[in-house]
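Participant:
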Amino acid sequence: MKTLAIIIAFTLTTFLSYAQDSLQTYTISIRLENPSNNRGHVLIGLHSADTFMKSEGLQNAKLKVIDGKVHATFENVKPGNYAIMVFHDENDNSRMDFEPNGMPMESYGISNNPMLFGPPTFNDAKFELYEDTEISIRF
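When the letters of the sequence shown are read in order and numbered with mature numbering (1 follows the signal peptide of the UniProt record, and there is no 0), they come out as residues -19 to -1, 1 to 120.
#1: Our contact map puts valine 23 next to histidine 69 with C-beta atoms below 8 Å; I'd like the distance itself, whole angstroms only.
#2: Can you tell me whether glycine 90 is buried or exposed? The criterion is at least 16 other CB atoms within 10 Å of its CB, across all chains shown.
#3: Evaluate lysine 43 with the Cβ neighbour count: other Cβ atoms within 10 Å of its Cβ, from every protein chain shown; 16 or more gives buried, anything less gives exposed.
#4: DSSP on leucine 39, reduced to helix/strand/coil?
#5: Just the C-alpha distance for asparagine 94 and serine 75, rounded to the nearest angstrom, thanks.
#6: Return yes when the C-beta of arginine 76 is under 6 Å from any heavy atom of the ligand GTP, and no when it is not.
#7: Expressed to the nearest angstrom, what Euclidean distance is found between the alpha-carbon atoms of isoleucine 11 and glycine 83?
#8: Determine the closest residue to valine 46 out of Ser117, Gln40, Arg20, Asn62, with distance taken between C-alpha atoms.
#9: Since I believe serine 88 is in contact with isoleucine 116 (beta carbons under 8 Å), could you give me their beta-carbon distance rounded to a whole number of angstroms?
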């Protein structure tokens, strides 16, 4: 009987601690470096593998550049793998503009700041969220 009570107590403790961990959320603070000017807005998206390179992320922000600085915060984000995508929409048309050869006309960046020769992938930008995190992204 005592063994059964210990097993039940252990099982309940394990279940409750797992349930509490799954309710934990975190904050991601984003600082953008080197915006080229104060025109338009900066569009920022928090993405999962399923939403990466799509127009709408899991959370989105549209912010003005003020004195060469942009700061954003995404709150209540569950633990997991994410990527941040940003671009400076200088003409406020809410989309990335491209040259005829396919090169972007507007500044952009992704988490991890990789040097790429081609479109980014989720693996280039992904990070694991398991605590409050601050991310710096270069344009």
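C-beta: ideal position from N, C-alpha, C; glycine also.
Facilitator: Taking the structure as given:
#1: Your pair valine 23 and histidine 69 checks out as a contact, with CB atoms roughly 5 Å apart and the cut at 8 Å.
#2: So glycine 90 counts as buried.
#3: By the 10 Å Cβ count, lysine 43 comes out exposed.
#4: In the structure shown, leucine 39 sits in coil (DSSP, three-state: anything other than H, G, I, E or B).
#5: Taking the CA atoms as reference points, asparagine 94 sits about 22 Å from serine 75.
#6: Here there are no bound small molecules, and the ligand GTP is not part of this structure.
#7: Rounded to whole angstroms, isoleucine 11 to glycine 83 spans 28 Å at the Cα level.
#8: Residue Arg20 is the option with its Cα nearest to valine 46.
#9: Taking 8 Å as the upper bound for CB-CB distance, isoleucine 116 and serine 88 are not in contact here, some 17 Å apart.
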